[in-house]
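Participant: Numbering (my numbering), first residue to last: 39 to 383.
For every residue, glycine included, the Cβ atom is placed at its ideal position computed from N, Cα and C.
Okay, here's the structure, questions in a sec.
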């Protein structure tokens, strides 16, 4: 018996009846021989961590665009925080921690430069050219299926791919969002909840650090129910979710906790996400990405040669723009549109 087979047997003995066993995976898009050491979901996790798209997350905006300071979150640190929270919950509920971690590490691979600002611009551009729109969740799936590994994709398992695709929640009341199970596996549902726990708490923490929000501005219900510190609020959410979800086929918060989480979300949208100071760069982001898109529409020969063999030039350019880091997009815009002084030697 191989090490992988021993790990698979241990899953059968140890994990919850609601967990997804790696040996029961629906498989990959293309056949591969099994690894003798790692389970299928462990291989997926490793492939995501070693991907170029994962490394680029370190220079992509979470909320604050190119913040001056070492302690503000980026899309990469957000991903790591989601992964840590999700693994804690999955372990406590005896779910498949490897599957949970793989989904968490891959869930935001398709995020654009400049965070949701960039996503909104690419969505607008896509619709103006008759496409259905742009979603970072769908782009994340496109990256692991078609764009990574020189166009070969990562050939991940079905469960990881669907978890990545189904993680997004949009801007809606969390009491409705979490009212029913959405994802195909409970591990994917854990990531979906953990994404919320992570971003609400670390965005509030960053906003306080930046002086955009003062601690005394936080709603009383949030402080009284969830806690008065960053640590307390995360712990309250995780503990409550675990306590209410043991031996169930879905995840559940107490209604009081969920009400406080929704109040926290509504507060952050009002004070942070649509704050004129934070969003002051929106018009510049739109100008930059729209300018680059139009430039490559007129000059497709200027596109890098290592892009996908996508026939639709609009999607090809969109893939290129979506994959950029913040700083690369800014540097490219400057190279294309900003005149440089003539140097005499």
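1) Grab the span of the alpha helix (DSSP H) containing residue 320 for me, first residue to last.
2) Whether or not the stretch 270-280 and the stretch 186-194 are in contact is what I'm after, with contact meaning three or more pairs of Cβ atoms, one per stretch, closer than 8 Å; do they touch?
3) Taking residue 143 and residue 87 to be in contact with their CB atoms under 8 Å, please state how far apart those CB atoms are, rounded to whole angstroms.
4) So what does DSSP say about residue 126, is it helix, strand or coil?
5) Give the range of the alpha helix (DSSP H) segment to which residue 278 is assigned.
6) Kindly indicate which three-state DSSP category residue 115 falls into: helix, strand or coil?
7) How is residue 195 classed by DSSP in three states: helix, strand or coil?
8) Exposed or buried, which one is residue 161 when buried takes at least 16 other CB atoms within 10 Å?
9) Ignoring anything shorter than 3 residues or poking outside the stretch 160-239, list the beta strand (DSSP E) runs there in chain order.
10) According to the Cβ coordinates, are residue 355 and residue 169 closer than 9 Å?
11) Taking all protein chains shown into account, do 16 or more other C-beta atoms lie within 10 angstroms of the C-beta of residue 51, making it buried, or fewer, making it exposed?
12) Just mark residue 78 as buried or exposed, buried being the case when its beta carbon has 16 or more other beta carbons within 10 Å.
13) In chain order, what residues of the same chain have a beta carbon less than 7 Å from the beta carbon of residue 303, not counting five sequence neighbours either side?
14) Counting pairs of Cβ atoms below 8 Å between the stretch 134-152 and the stretch 190-206, do you hit three or more?
15) If you run the structure through DSSP and keep just helix, strand and coil, what is residue 247?
16) Could you check which residue in 305, 288, 274, 307 has the C-alpha nearest to that of residue 294?
17) Determine the burial state of residue 284: buried for a count of at least 16 other Cβ atoms within 10 Å of its Cβ, exposed for fewer.
18) Just list the residues that DSSP pairs residue 288 with in beta bridges.
19) Which residues does DSSP list as the beta-bridge partners of residue 66?
20) Would you say residue 136 and residue 80 are within 9 Å of each other, going by their C-beta atoms?
21) Looking only at its chain, what residues have a beta carbon closer than 8 Å to the beta carbon of residue 220, apart from the 5 residues adjacent to it on each side?
22) Three-state secondary structure (DSSP) at residue 363?
23) Whose C-alpha, out of 132, 290, 116, 84, is nearest the C-alpha of residue 53?
24) Use the C-beta contact count for residue 373: other C-beta atoms within 10 angstroms, 16 or more gives buried, fewer gives exposed.
25) When the Cα atoms are used, what is the spatial distance from residue 242 to residue 272?
26) Hey, residue 99 and residue 153 are a contact pair by Cβ (cut 8 Å); roughly how many whole angstroms apart?
27) What are the start and end residues of the alpha helix (DSSP H) that includes residue 78?
28) Measure from the alpha carbon of residue 164 to the alpha carbon of each residue in 357, 63, 206, then state which is nearest.
29) Roughly how many angstroms lie between the CA atoms of residue 43 and residue 240, to the nearest whole one?
30) Identify the continuous alpha helix (DSSP H) that holds residue 44 and give its terminal residues.
31) Output the boundary residues of the alpha helix (DSSP H) element that contains residue 93.
32) Using the three-state DSSP reduction, which class does residue 58 fall into: helix, strand or coil?
33) Grouping DSSP H, G and I as helix and E and B as strand, with all else coil, what is residue 138?
34) Based on the DSSP secondary-structure assignment, which residues constitute the bridge partners of residue 99?
Facilitator: Short version:
1) 320-336
2) no
3) 6 Å
4) helix
5) 268-283
6) helix
7) strand
8) By the neighbour-count rule (16 or more Cβ atoms within 10 Å), residue 161 is buried.
9) DSSP runs (the beta strand (DSSP E)) wholly in the stretch 160-239: none.
10) For the 9 Å CB-CB criterion, residue 355 and residue 169 do not form a contact.
11) Exposed, since its Cβ has fewer than 16 Cβ neighbours within 10 Å.
12) buried
13) Counting only residues of its own chain and dropping the five nearest sequence neighbours on each side, residue 303 has a CB closer than 7 Å to the CB of 212, 238.
14) yes
15) helix
16) Nearest of 305, 288, 274, 307 to residue 294, Cα basis: 274.
17) exposed
18) Residue 288 pairs with nothing; no bridge assigned.
19) 195
20) A contact, by the Cβ cut-off of 9 Å.
21) 204, 227, 230
22) coil
23) 132
24) exposed
25) 12 Å
26) About 4 Å separates the two Cβ atoms, so the contact holds.
27) From DSSP, the alpha helix (DSSP H) with residue 78 extends over 78-87.
28) 357
29) 39 Å
30) 41-52 is the span of the alpha helix (DSSP H), which, as asked, contains residue 44.
31) 90-94
32) In the displayed model, residue 58 falls within coil according to three-state DSSP, outside both helix and strand.
33) Looking at residue 138 - three-state DSSP - the assignment turns out to be helix.
34) Under DSSP, residue 99 shares a beta bridge with 112.
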